[in-house]
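Peer 1:
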Amino acid sequence: MYKVSIFIAFLSLFSSAISSDGSVARMTKKGDYSDAISSLEDAQKHAKKACNADNIEELHNYARKSMRAASDAETYASDCNCSDAERGASDVSRYAKKAYNEDNFDDAKTYTRRAKKYCDDALNDANNCE
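Note that this note's numbering numbers the sequence shown so that position 23 is 12, with each residue one more than the last.
Structure follows, in structure tokens:
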């Protein structure tokens, strides 16, 4: 009897994670911003490295990493309904992408500085989400 109860509890938990189209949904609780914060911290770390890059190839590498981490943060912030952090992460991603696509080293550095600034703001927003 005990095993049946555990199985039913597990089955009901798993079935709630399946969306109407049959895919398994991420189970992020509203108010759990740890994934968004972690991804924004990664984006910030990469943006800082891009700002300190000595050449365009290094800058592009870190800008790409920052862009991907910010994109992940945007998804996580959306999942837990933190619209300010979601918007901020979108801004980070946009400017990191501009840096990644820019061939002029000085212009790319300008974009990475903006990405870092928006990342700082988005981290603040994610830490203050309710």
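Every residue gets a Cβ at the ideal spot worked out from N, C-alpha and C, and that includes glycine. Everything numeric in this text was worked out from a predicted model, so none of it was measured.
Check this for me: beta carbons of Ala78 and Leu29, under 9 Å apart or not?
Peer 2: Contact flag set, yes.
Peer 1: Is Asn50 helix, strand or coil when you go by DSSP?
Peer 2: Here Asn50 sits in helix by DSSP.
Peer 1: With three or more C-beta pairs closer than 8 Å as the rule, is the region 37 to 52 touching the region 63 to 78?
Peer 2: The region 63 to 78 is not in contact with the region 37 to 52.
Peer 1: Could you tell me the alpha carbon to alpha carbon distance between Asn113 and Met56, rounded to whole angstroms?
Peer 2: If I take the Cα positions, the gap works out to 18 Å.
Peer 1: Find the nearest neighbour of Ala39 within the set Val81, Asn116 and Asn117, judged by alpha-carbon distance.
Peer 2: Selected option, being the one with the closest Cα: Val81.
Peer 1: If you scan the region 63 to 93 from start to end, which runs of the alpha helix (DSSP H) of 4 or more residues do you find wholly inside it?
Peer 2: Those alpha helix (DSSP H) runs which fall completely within the region 63 to 93 and span 4+ residues are 72 to 90.
Peer 1: Please report the distance separating the alpha-carbon of Lys105 from that of Arg83.
Peer 2: About 11 Å.
Peer 1: Tell me whether Asp61 is buried or exposed, calling it buried when 16 or more other Cβ atoms sit within 10 Å of its Cβ.
Peer 2: Result: buried.
Peer 1: What separation, rounded to the nearest whole angstrom, lies between the Cα atoms of Thr99 and Tyr89?
Peer 2: Spanning the two alpha carbons is a distance of roughly 11 Å.
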